[in-house]
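K.L.:
Numbering (the working numbering), first residue to last: 5 to 484.
#1: Helix, strand or coil for residue 460, going by three-state DSSP, please let me know.
#2: For residue 54, does the count of other Cβ atoms within 10 angstroms reach 16, so buried, or fall short, so exposed?
#3: Given a threshold of 16 other Cβ atoms within 10 Å of its Cβ, counted over all protein chains shown, does residue 117 qualify as buried or as exposed?
#4: Taking only runs of the beta strand (DSSP E) that begin and end inside the region 266-325, which ones reach a length of at least 3 residues, in chain order?
#5: Mind reading off the beta-carbon distance from residue 95 to residue 144? Whole number of angstroms is fine, and I expect it under 8 Å.
#6: Is it buried or exposed for residue 24, if we count other Cβ within 10 angstroms and need 16 for buried?
#7: In whole angstroms, what is the alpha-carbon distance linking residue 350 and residue 299?
#8: For the candidate residues 46, 450, 58 and 90, whose alpha-carbon lies nearest to that of residue 52?
#9: Quick check: what's the CA-CA separation for residue 388 versus residue 8?
#10: In angstroms with no decimal places, state the Cα-to-Cα distance between residue 254 and residue 236.
#11: So within the region 13-94, which uninterrupted beta strand (DSSP E) runs reach at least 3 residues, ignoring any that extend past its ends?
#12: Please confirm whether residue 224 and residue 146 have their CB atoms less than 8 Å apart.
#13: Where do the N-terminal and C-terminal ends of the alpha helix (DSSP H) with residue 137 fall, by residue?
#14: Please list, in chain order, all residues of the same chain as residue 203 whose beta carbon is under 7 Å from its beta carbon, the five residues on each side excluded.
#15: Please look up how many angstroms separate the CB atoms of residue 216 and residue 311, rounded, as I've assumed it's under 8 Å.
#16: If you compare alpha carbons, which of 341, 114 and 270 is closest to residue 315?
#17: With distance defined between alpha-carbon atoms, name the residue in 358, 213, 476 and 268 nearest to residue 352.
#18: Within a Cβ cutoff of 6 Å, which residues of the same chain sit near residue 282, ignoring the five residues on either side of it in sequence?
#19: In the region 351-396, which residue ranges form an unbroken beta strand (DSSP E) of at least 3 residues, counting only runs that do not cross its ends?
#20: Only counting the same chain, and skipping five residues up and downstream in sequence, which positions put a Cβ closer than 7 Å to that of residue 396?
#21: With DSSP collapsed to three states, give me the class of residue 108.
#22: Under DSSP, the beta strand (DSSP E) around residue 418 begins and ends at which residues?
#23: Counting Cβ pairs, one atom from each stretch, are 3 or more of them under 8 Å apart for the region 132-139 and the region 287-302?
#24: Among 442, 42 and 393, which one has its Cα closest to the Cα of residue 406?
#25: For residue 420, does the count of other Cβ atoms within 10 angstroms reach 16, so buried, or fall short, so exposed?
#26: Quick check: the Cα distance between residue 61 and residue 452, rounded to an integer number of angstroms?
#27: Output the boundary residues of the beta strand (DSSP E) element that contains residue 116.
#28: Quick check: residue 124 and residue 88, are their CB atoms within less than 8 Å of each other?
#29: Excluding the five sequence neighbours on either side, which residues of its own chain have a C-beta within less than 7 Å of the C-beta of residue 401, listed in chain order?
#30: DSSP puts residue 234 in a beta bridge; with which residues?
#31: Among 277, 425, 120 and 10, whose alpha-carbon lies nearest the alpha-carbon of residue 479?
#32: Contact defined as beta carbons within less than 8 Å: I believe residue 131 pairs with residue 464. What is the distance between those atoms, to the nearest angstrom?
#33: How is the alpha helix (DSSP H) around residue 215 delimited, first residue to last?
#34: For residue 474 and residue 324, what's the separation of their Cα atoms in angstroms?
#35: Taking just the CA atoms, how far does residue 21 sit from residue 13?
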């Protein structure tokens, strides 16, 4: 079934699923820096090759790294030459072995696996490769996705490969139906599960931060969900529970997952931000790098500049983020600089946006805006050392006080003895004592004739001329 889906897409979807310039003939793409040469069926070894400057077809594996870091099968500086000499397939993790089998089955010679094709203890190599990871998945002929289900015993997720997971490996409710012999003696039981309980959100792979850009950029993907296999390309989706039967399965939120030419790019990017804010990362320091590949590719294709989670052309909307549930946000618990307070990427928690791109009649009220971002390493869209935004706009000095002793952090803004708005602080540690008055600034970000004005609430950083964001509020147009 998988080979049939793949062949049909390659042959019949040239204008939607192929790369530009590959509408006829054999599909080719620029290769990443390194690839695994999987050889042919029966070969007991594969090997890592330097593939810079080469073109052709390759598959890419999207997978969840092992919970136990000691179990990571990876390439390091010390192991690089050994990987190039040859890798025994039976020494690889089961998911990697299965990825090799699928790649060979599809008639593709090369495979990209992040932990093997990136030198994991080489900072320069890791930063360079993570910056172009979006291109790696977009250029791949097909992405193979090994999707373990979320489980109370994570170690069991890696005890077998994705090709050998038996039927009934999901958490769907199971019904036992006993059956008897003709003489009435109990002979055994049938165990049945309903497909209606199957949902992609139940699978661990779809909760991971790094995987989001892989989902968005893969032109074709084959996903293994327990005893089910799904196909997704830009034109079709299918799922099968049995080799003889295929059924359409098209969850709403992945229909346009591969879209790169969104009519409303700003709104599309805010959707990406919302989804990313719900994802988890094994290493909190990956917060910016895990979206860098997607941001870099979008920046190139859309002709827009990228600033720590916000694209030019959508700055006002990108600044107006807030917690889905007040009080749930927190700064990432990592050593050193996290990110600028105005960026939604500097916080931990599910966020949403006010006046999401084009959904209301509001327009930007900002004047000139400039950014100064200092990356920590070689990737300009990766981890930041420092980030500042300088802008011109309408700003008003107001007072802020806490109006309740509850932990919902509700604050009130007042000016000239009039109440402007109530709002929730971004973080609990920014709250003052009840009825304690603080001086803050409100920067007008969006306005409109028939809707509230959206402002950033800013607080001066000590005795400097710099400000930090502490929240957003919607105020009456008469505020100015």
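C-beta atoms are modelled at their ideal positions from N, C-alpha and C, and glycine is treated no differently.
P.N.:
Inspection of the coordinates gives the following:
#1: Numbered from 1 along the chain shown, position 456 holds the residue referred to as residue 460. The answer is strand: DSSP assigns residue 460 an E or B state.
#2: In the chain shown, the residue the question calls residue 54 occupies position 50. With fewer than 16 other Cβ atoms within 10 Å, it is exposed.
#3: As a first step, residue 117 must be located in the chain shown, where it is residue number 113. Buried, because 16 or more other Cβ atoms sit within 10 Å of the Cβ of residue 117.
#4: none
#5: As a first step, residue 95 must be located in the chain shown, where it is residue number 91. As a first step, residue 144 must be located in the chain shown, where it is residue number 140. About 24 Å separates the two Cβ atoms, so there is no contact after all.
#6: Along the chain shown, read from residue 1 onward, the residue named residue 24 stands at position 20. It counts as exposed.
#7: By 1-based counting over the chain shown, the position of residue 350 is 346. By 1-based counting over the chain shown, the position of residue 299 is 295. Approximately 16 Å between the Cα atoms of the pair.
#8: Within the chain shown, residue 52 is the residue found at index 48, counting from 1. Nearest of 46, 450, 58 and 90 to residue 52, Cα basis: 90.
#9: Within the chain shown, residue 388 is the residue found at index 384, counting from 1. Within the chain shown, residue 8 is the residue found at index 4, counting from 1. Each residue's Cα considered, the two are about 45 Å apart.
#10: Against the chain shown, residue 254 aligns to sequence position 250. Against the chain shown, residue 236 aligns to sequence position 232. Low per-residue confidence applies at residue 254: pLDDT is 38, beneath 50, and the placement is therefore not dependable, though the value from the model is reported in the following sentence. Roughly 9 Å separates the two Cα atoms.
#11: 38-41, 49-54 and 62-66
#12: For this step, residue 224 is matched to residue 220 along the chain shown. For this step, residue 146 is matched to residue 142 along the chain shown. Cβ distance < 8 Å, so residue 224 and residue 146 count as in contact.
#13: Within the chain shown, the letter at position 133 stands for residue 137. Its alpha helix (DSSP H) spans residues 137-143.
#14: Counting from one through the chain shown, the residue named residue 203 turns up at place 199. The predicted position of residue 203 is uncertain, since its pLDDT is 47 and thus under 50; a value taken from the coordinates is nonetheless stated next. Nothing listed; no residue qualifies.
#15: Counting from 1 along the chain shown, the entry for residue 216 is found at position 212. Counting from 1 along the chain shown, the entry for residue 311 is found at position 307. About 19 Å; that fails the 8 Å criterion.
#16: Here the question's residue 315 lines up with position 311 in the chain shown. Of the candidates 341, 114 and 270, the one whose C-alpha sits nearest the C-alpha of residue 315 is 270.
#17: Along the chain shown, read from residue 1 onward, the residue named residue 352 stands at position 348. When each option's Cα is compared against that of residue 352, the closest is 213.
#18: Sequence index remark: in the chain shown, residue 282 carries index 278 (1-based). Excluding residues within five positions, the ones whose Cβ falls inside 6 Å are 354.
#19: 355-357, 373-379 and 388-395
#20: Sequence index remark: in the chain shown, residue 396 carries index 392 (1-based). So the qualifying residues of the chain are 371 and 372.
#21: As a working note, residue 108 is residue 104 in the chain shown. Helix, per DSSP.
#22: In the chain shown, the residue the question calls residue 418 occupies position 414. That run of the beta strand (DSSP E) goes 414-419.
#23: yes
#24: Numbered from 1 along the chain shown, position 402 holds the residue referred to as residue 406. When each option's Cα is compared against that of residue 406, the closest is 442.
#25: Stepping through the chain shown from its first residue, residue 420 is reached at position 416. Result: exposed.
#26: Taking the first residue of the chain shown as 1, we reach residue 61 at position 57. Taking the first residue of the chain shown as 1, we reach residue 452 at position 448. One C-alpha to the other measures close to 51 Å.
#27: In the chain shown, residue 116 corresponds to position 112, counting from 1. Residues 114-116.
#28: Here residue 124 is taken as the residue at index 120 of the chain shown, counted from 1. Here residue 88 is taken as the residue at index 84 of the chain shown, counted from 1. For residue 124 and residue 88, no; Cβs fall outside 8 Å.
#29: Position 397 of the chain shown, counting from 1, holds the residue named residue 401. If we look at residue 401 and ignore the five residues flanking it on each side, its Cβ neighbours are 443 and 445.
#30: Locating residue 234 in the chain shown gives position 230, where the first residue counts as 1. In the DSSP output, where bridge partners are listed per residue, residue 234 has 227 and 243.
#31: Here residue 479 refers to the residue found at position 475 when the chain shown is read from its first residue. When each option's Cα is compared against that of residue 479, the closest is 425.
#32: Translated into positions along the chain shown, residue 131 becomes position 127. Translated into positions along the chain shown, residue 464 becomes position 460. Not really, about 34 Å apart at Cβ, beyond 8 Å.
#33: If you number the chain shown from 1, residue 215 lands on position 211. Per DSSP, residue 215 belongs to the alpha helix (DSSP H) from 213-221.
#34: Numbered from its first residue, the chain shown carries residue 474 at position 470. Numbered from its first residue, the chain shown carries residue 324 at position 320. Going from the Cα of residue 474 to the Cα of residue 324 covers about 12 Å.
#35: Locating residue 13 in the chain shown gives position 9, counting from the first residue. Locating residue 21 in the chain shown gives position 17, counting from the first residue. Taking the straight line joining both Cα atoms gives about 7 Å.
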